[in-house]
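To start, the structure itself, in C-alpha cells.
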Amino acid sequence: MNNHQDRQRISRRTLIGGAAAGAAGIAISHLDTQARSSGITPNVARVLRQEGNPGGTLVYGLGFDLDGTLDPQVTNYDSTIRVTLNICEPLVWMPTATEFIPGLADSWDISEDGTEYTFHLKQGVTFHDGTPFNADAVKFTFDRVVSADQQAAGATPTVSPVITPGQGHDQLGPYDHSEVIDDQTIKVVLKTPFAPFLSGLNGYLGIVSPTAVNTMGLEAFARAPVGTGPYKFKEWVEADHVTLEKNPDYNWGSSGFANAGAPYFDDLQLQIIDDAAVRTGTVTSGETQYIDTIDPLQYEDLSSNSDVVVIKQGQPGSGYTLLLNLSRDTPIADIAVRQALHYALDKDALNQAVEGGLFEPAASPLMKVTFAYDPATEALFSFDKAKAEQILDEAGWVLNGDVREKDGQKLSLYWPVQERDRDKLQATFCQGAWKDIGVELTIDVMERGLLRQTLKEDNNYDVTTMWFSYADPDVLRTIFWSKNQDAFNRAKYNNPEVDGWLEQAYQTSDEATRKDLYSKIQMQVLNDVATIPLNDSITYNAKSATVEGDVLDFLASYVWHNSAYFK
Amino acid sequence: MLRTPLSTYIIRRLIQAIPVLIGISVFTFLMVHLTPGDPVVLFAGDKPISDEEIVQIRHQYGLDKPLWEQYADYVSGIAHGDFGSGLHSKRPVTDTIMEALWPTIQLAFAGLVVAVLFGVSLGIVAAIFHNTWVDSLAMVIALLGVSVPVFYLGLLLLFFLSFKYPIFPATGTGDLQHLILPAFVVGFSSAAYIARLVRSSMLETLRQDYVTTARAKGLRERTVVTRHALRNALIPAVTYMGLQFAGLLGGAIVTEQVFSRPGLGRVAITAINNRDYPLIQGTVLITAVIYVMVNLLVDLSYAVFDPRIRYA
Chain A
30 MNNHQDRQRI SRRTLIGGAA AGAAGIAISH LDTQARSSGI TPNVARVLRQ EGNPGGTLVY
90 GLGFDLDGTL DPQVTNYDST IRVTLNICEP LVWMPTATEF IPGLADSWDI SEDGTEYTFH
150 LKQGVTFHDG TPFNADAVKF TFDRVVSADQ QAAGATPTVS PVITPGQGHD QLGPYDHSEV
210 IDDQTIKVVL KTPFAPFLSG LNGYLGIVSP TAVNTMGLEA FARAPVGTGP YKFKEWVEAD
270 HVTLEKNPDY NWGSSGFANA GAPYFDDLQL QIIDDAAVRT GTVTSGETQY IDTIDPLQYE
330 DLSSNSDVVV IKQGQPGSGY TLLLNLSRDT PIADIAVRQA LHYALDKDAL NQAVEGGLFE
390 PAASPLMKVT FAYDPATEAL FSFDKAKAEQ ILDEAGWVLN GDVREKDGQK LSLYWPVQER
450 DRDKLQATFC QGAWKDIGVE LTIDVMERGL LRQTLKEDNN YDVTTMWFSY ADPDVLRTIF
510 WSKNQDAFNR AKYNNPEVDG WLEQAYQTSD EATRKDLYSK IQMQVLNDVA TIPLNDSITY
570 NAKSATVEGD VLDFLASYVW HNSAYFK
Chain B
8 MLRTPLSTYI IRRLIQAIPV LIGISVFTFL MVHLTPGDPV VLFAGDKPIS DEEIVQIRHQ
68 YGLDKPLWEQ YADYVSGIAH GDFGSGLHSK RPVTDTIMEA LWPTIQLAFA GLVVAVLFGV
128 SLGIVAAIFH NTWVDSLAMV IALLGVSVPV FYLGLLLLFF LSFKYPIFPA TGTGDLQHLI
188 LPAFVVGFSS AAYIARLVRS SMLETLRQDY VTTARAKGLR ERTVVTRHAL RNALIPAVTY
248 MGLQFAGLLG GAIVTEQVFS RPGLGRVAIT AINNRDYPLI QGTVLITAVI YVMVNLLVDL
308 SYAVFDPRIR YA
C-alpha cells in the first residue's frame, strides 16, 4: 500500500519538477533571445533563472541619510534617490555608457535637430494610488521642476504647487516645455539640443503621481511619495530607516530586466547607517544583506569572507582632480609651476596612501568608464621628480634653502581643505611631494560651511579639489566652461577655444563628433594645466552571498532591486 | 494651594529657571549667528547658486534683518509656540525635535538605569570586600569606565557582540534588544563614577557609630548594610546621578552616531553642519530645559529628604 503511494507521490513531484524545469528552460531561452536582440550586455541580463524563494525582506545599509524629503524632484541627495528609484520610475534606464533601455517609455524618437524627444509610453501602467500613468503625469513631473523658474520669470506656472527643485533641475537641462499628443505619447521640447538629456532622466526625474501630489500636498507627499514602481512606500522613521513594500500589481518592468514582473522581495528596508565601519560590520553579521560604500579598511577581510560578495564598479564623470586657480597672481599663475606640480606627484603612491590602493590613478579629468574618455591623456604627464625640478630651474625658480624663489617671490601656495579624511590626506600627500621639489604648500583645514564661503567669496585659494559623478562627458562643461566660473569652474578656466568645443559637444548627438571634441578638450585642459587628475573613484558595495539578481546601474550609484532575490 | 515651605521652594526654583533659559537662548542665538558659514550657501548643497538667489533666500528667511530684530522675531514666535522651521529640513522645529526627543531620553534613561544598577552594586561589593582582590578588581573596572571613550567602547562592543558573534543588532530602534548595547555604552562611564562614589561613602558610613550599634544589637550584616548604611551612603550618589544626566545626554549623542540611532544628537549634528539656525537653537533650548528640570528634581529630592534645605 505504502509503496504504491510513495511511487505516486514521487512521480507527481517529478512531473511538476519536470514541468517547472521545462517552463524555466523556455523562459531562459526567451529572455536570452530578448537580451541578445536588444543588444544588452551580459552584466544587465545576468541571472536569468530564479532558483531561490520569493519573499523575504532585504535590509539595505544606506551610507548616507536623506535630506529631509522623499520627493525625487525636490531632493539633492543621491542617497534619497537610492530609495525613491524603487518607487518612482524613470522613462528610460541606463545600464552602460551609451545604452538606454525602456523604462516607462517603450520607445522614443529624437528629431533631426535634437531638440524634440517624442516618447511612446507603456500602456496599462498605474500609480500606487490607482490612478493611470499617462503623458499628463510625465508633463506634470517635468513641468514642476521648472515651475519656480516660470514663476520667477513672471509667468503663471503650468503646474502647481510650485516647488524648489533639487538636482532634477540640472538633469532636465535646457527643457522648454512638453506637449501631450495623446495619453500614450508625449513630445518634450528643449531650447537647444542637449546630448546628455536621456542620461539625466533616471533618478531625480522619476515620474510622480500628479493626483497624489495635489491631494496630499507637498509636505505629505515628500514624506510618502507615490509612483509606478515595483515597490510602494510603507514607512519612514526619520534618521532610522525607510521601508518599502512590494507592489503586487507591478508587471511593466523594462524589457531589459531579468524580471519584468512583481519583485521577489516582500519588503525592502533601507536602514540608515552613516558610519562605514559599522555598516560594513552589519553585512558580515547578516544584519544587512546589501550595503553601499564599504569601509575601505575592511576590503581585504570582506574579499576573503565567503559569505559576502564585494561589488566593484568604476564610476562615470569627473574623478578626484585638483583644480588650480588660474585667476590668482601667485606663483600658480606660472604654467611652469603648474607643470612641475603635476610631474612631482606619484599617483600610485597617492592612491595607496589615501585610498588604500582601492581607486585608480587618473590621467584625465574624465573617469575611464565615461564615454569619450581619451587614453591618449595617459601619455601627457608621468611621475618624474627630476623633470619637475628641471622645469622649475629653467623657469627661474631657484632654491633658497627649502623653498624656491623668483624675483623675490617665494614659491608658496595656499590650499583650504574640507575637514574630511580623504581631503586632508590628499592635501598632506601633495604637500609632502611638493616640498621635495621646493614648493611650500600651506593647508588650512576648515569645516564645510566655512570652506564653501571661502571658495565663493574670498577666492584666495591656489588649489582646490573636485569630484563630480555624471553619466555624460558634458561634466567637463560643468567644470571648465568659462560661464561656470561662479559655480563649479573653480579653476576659473577661461579658454574661448575650449568653450566652443564644449558648447558644440553637448549640442550634437553624433558619437564620433563628440568623441573627437572631448578628446581635444581633455588634452587642452591638461596641457594648460588647469587641472591635475588624481584618481578615478570606484564604487565598492557589498552584499550577502545569498542575494542574486541585483544590478548596479551605470552611475555605479543606484541598485536596481526589481530582479533581486534570496538564493 | 497650601503655601508650605516646600511649595514655596518649588515655585521659587521654577521662577529662577526662567532667566537661565533666556540667557541660554540669547547665548546660543549669538553664537550660532556669529559663527562663520552662511546657511544659504550650504542650503544649495553642491549646486551653484547665483547672487540674486542668495539675496532672495536670505530675505525669505529673514536673515537680512539686524540680529536683535531676528532675535525679537524668534522670541515672539516662541510666545505663540512657534519655534520656526528648519532652514534645511523645512519642517517645523517642534516636529523634528519631538520626534527625536523620545529615543534620546529613552537612551539616556536606560543609561542611567545601567549606571545606577551597575555602579551601586559595584560600589557596595567593593566596600564590603574592602582591601581584598574583589575591591581591586571592582576599582580597575571603574577605572576602565572612566578612561575608555564612549565612541571606542561602542565600536568595541559592536565588534564583539554584534559583528563577530551576532548577539545584538547594531542599528535601529524598536525593542529592548536594540537598547541594551547603547544603554550600556552610555551608562558605563557614569557607572564607574557612581561605583567609586558609593564605595567611598559606604566605607565612611560603615565606620559610623550607629552602624557599630546596629551590629552590636545583633542585626544581620545584610540588614546593617542595606537598611542602615546604604541609605545614607546613597545621598552623594543621588546628587551625582542628577548632575550626570547632562553627561548622559551628551554620551547619548555620541552613542547615537555609533549605533545609528535616531535622536537629538543626530539632529543636532546635522543642524550644526547645515547651519540650520532655528533647528540648532531648538535643540540647545530643549536640552537646556531638560537639564534645568532634572536639576530641579534633584534639588527637590533633597528638600523632601532633608528638611533643613527647605527653610534655607
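In order, the protein sequence lines correspond to chains A and B.
If you read the first sequence in my numbering, its first letter stands for residue 30, the second for the next number, and so on.
If you read the second sequence in my numbering, its first letter stands for residue 8, the second for the next number, and so on.
The C-beta atom is built at its ideal place from N, Cα and C for all residues, glycine as well.
- For A:Ile110, there are no C-beta contacts with chain B under 9 Å, since the nearest C-beta of that chain is about 13 Å from it.
- According to DSSP, residue pairing for A:His270 in a beta bridge involves A:Val266, A:Gln300.
- The beta-carbon distance between B:Ser197 and B:Leu255, rounded to whole angstroms, is 6 Å. This is short enough to meet the 8 Å contact definition.
- Beta-bridge partners of A:Asp138 (DSSP): A:Thr147.
- Judged by DSSP in its simplified three-state form, A:Gly478 adopts helix.
- B:Met209 counts as buried, since at least 16 other C-beta atoms from the protein chains shown sit within 10 angstroms of its C-beta.
- Counting other Cβ atoms within 10 Å of its Cβ, B:Phe167 stays below 16 and is therefore classed as exposed.
- Taking each of A:Leu395, A:Lys414, A:Asp413 in turn and checking the Cα distance to A:Thr406, the smallest one comes out for A:Leu395.
- Ranked by how close their Cα comes to the Cα of B:Leu286, the residues B:Leu129, B:Phe158, B:Arg98 have B:Arg98 in first place.
- As far as DSSP is concerned, A:Ala500 takes part in no beta bridge.
- Under DSSP, the beta-bridge partners assigned to A:Gly346 are A:Ser498.
- In terms of Cα proximity to B:Glu263, the closest of B:Val155, B:Thr111, B:Glu60, B:Thr290 is B:Thr111.
- Contact between the stretch 551–563 of chain A and the stretch 301–320 of chain A is not established, with fewer than three Cβ pairs separated by less than 8 Å.
- Contact note: A:Asp304 reaches chain B through Gln264, Val265, Ser267, using a C-beta cutoff of 8 Å and chain order.
- For B:Thr212, the CB contacts under 7 Å within the same chain, skipping 5 residues up- and downstream, are Val218, Ala236, Asn239, Ala240 in chain order.
- Ranked by Cα distance from A:Ala500, the first of A:Ser228, A:Leu479, A:Trp137 is A:Ser228.
- Taking every protein chain shown into account, the CB of A:Arg433 has 16 or more other CB atoms within 10 angstroms, so this residue is buried.
- Comparing alpha carbon positions, the residue from A:Met245, A:Gln213, A:Asn556, A:Asp158 closest to A:Tyr372 is A:Asn556.
- Here the stretch 181–199 of chain A makes contact with the stretch 95–113 of chain A; the two share three or more CB pairs at distances below 8 Å.
- Under the Cβ distance rule, A:Val588 does not count among the residues neighbouring chain B, no pair being separated by less than 8 Å.
- Look at the stretch 413–472 of chain A and you find these whole runs of beta strand (DSSP E), each 3 residues long or longer: 427–429, 432–435, 441–447.
- Look at the stretch 80–136 of chain A and you find these whole runs of alpha helix (DSSP H), each 4 residues long or longer: 107–113.
- If you look at A:Val218, you'll find it isn't in any alpha helix (DSSP H); it sits in the beta strand (DSSP E) that goes 214–219.
- Excluding the 5 residues flanking it on each side, A:Leu374 has same chain C-beta neighbours closer than 6 Å at Ala462, in chain order.
- The beta-carbon separation of A:Leu484 and A:Thr471, rounded to 16 Å, does not stay under the 8 Å limit for a contact.
- The beta carbon of B:Pro243 sits closer than 7 Å to the beta carbons of Leu204, Ser208 from its chain, once the five residues preceding and following it are set aside; these are given in chain order.
- Cβ contact annotation for A:Asn513 (same chain, cutoff 7 Å, sequence separation greater than five): Thr507, in chain order.
- Annotated three-state conformation of B:Asn302 is helix, per DSSP.
- Residue environment: A:His157 is assigned as buried (16 or more neighbouring CB atoms within 10 Å of its CB, all protein chains considered).
- CA-CA distance, B:Glu106 to B:Gly270, rounds to 8 Å.
- If you keep only unbroken beta strand (DSSP E) runs of at least 3 residues inside the stretch 518–570 of chain A, you get 560–565.
- A:Tyr490 is the residue among A:Asp363, A:Val427, A:Tyr587, A:Tyr490 whose C-alpha sits nearest the C-alpha of A:Met475.
- Annotation: Cβ neighbours of A:Thr313 in chain B (cutoff 7 Å, chain order): Phe170.
- DSSP places A:Pro161 in the strand class (E or B) of the three-state scheme.
- Restricted to the stretch 116–169 of chain B, the alpha helix (DSSP H) segments that are unbroken, complete and at least 4 residues in length are 140–154, 157–165, listed in chain order.
- Between the stretch 568–575 of chain A and the stretch 113–124 of chain A, the count of Cβ pairs shorter than 8 Å is below three; the stretches do not touch.
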